[in-house]
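> Structure in structure tokens, see below.
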Amino acid sequence: MKLTGKKENFDEFLFKVDELGYAINDLLPASWTLNLSESTNKLSELLSDSHLKIKQKTVTSTDSVAIQIKTSLQDTELQVSASSVVTLESENQLEYVLNWWQWQINCQLALIVEISNVFETTEEYEVS
């Protein structure tokens with residue numbers, strides 16, 4: 074994970090996203106994958122209420138051996154963003170194509186969990 078933006082706001086950003094993680098656990102049902110449209114709407118509402126924006130970009134390598142999903146979470150108030158990259162090797166590509174929407178939300182939730190883990194363990198994070 075990589076954090077960028079106003080360094081003085083990093084701790085507040087980590088705390089805010091950690092709190093968001095608890096809210097997501099409370100609001101998304103355990104079976105969220107069965108109703109992706111409702112889960113996506115709830116996640117979008119939670120993010121916008123917290124002044125957070127998710128951006129995702131998918132890139133396929135030139136030889137089509139891997140798919141790379143870059144997920145960014147930006148806080149418009151604090152002017153801080155966090156990003157992570159997931160690389161899928163060829164054996165996971167068919168599953169990715171068939172379950173594209175689920176992969177997108179999984180990557181979003183994984184980034185939020187990763188940010189929460191940094192906050193809770195006070196690990197060093199990469200700064201730009």
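Start counting at 1 in the sequence shown, then tack on 73, and there's your number in the working numbering.
C-beta atoms are modelled at their ideal positions from N, C-alpha and C, and glycine is treated no differently.
#1: For the candidate residues 141, 79, 137, whose alpha-carbon lies nearest to that of residue 129?
#2: Pairs of beta-carbons, one from the region 108–119 and one from the region 175–188, closer than 8 Å: are there three or more?
#3: Which of helix, strand or coil does DSSP assign to residue 113?
#4: Return yes when the Cβ of residue 139 is within less than 9 Å of the Cβ of residue 163, no when it is not.
#5: In three-state terms, what does DSSP make of residue 128?
#6: If you reduce the DSSP assignment to three classes, tell me which class residue 183 lands in.
#7: Quick one: using the 10 Å Cβ neighbour count with 16 as the cut-off for buried, is residue 89 buried or exposed?
#8: Where does residue 189 land, buried or exposed, given buried means 16+ other C-beta within 10 angstroms?
#9: Give me the Cβ distance between residue 94 and residue 153, rounded to the nearest whole Å; I'm assuming they're in contact under 8 Å.
This is what the structure gives:
#1: Taking only the C-alpha atoms, the option nearest residue 129 is 141.
#2: Cβ pair count under 8 Å is three or more, so yes.
#3: When DSSP states are grouped into helix, strand and coil, residue 113 belongs to the helix group.
#4: Yes; because the gap between Cβ atoms is below 9 Å, this pair is in contact.
#5: It is a strand residue.
#6: Looking at residue 183 - three-state DSSP - the assignment turns out to be helix.
#7: So residue 89 ends up on the buried side.
#8: By the C-beta density criterion, residue 189 is buried, having at least 16 other C-beta atoms within 10 angstroms.
#9: Between residue 153 and residue 94 the Cβ distance is about 16 Å, and since that is not below 8 Å, they are no contact.
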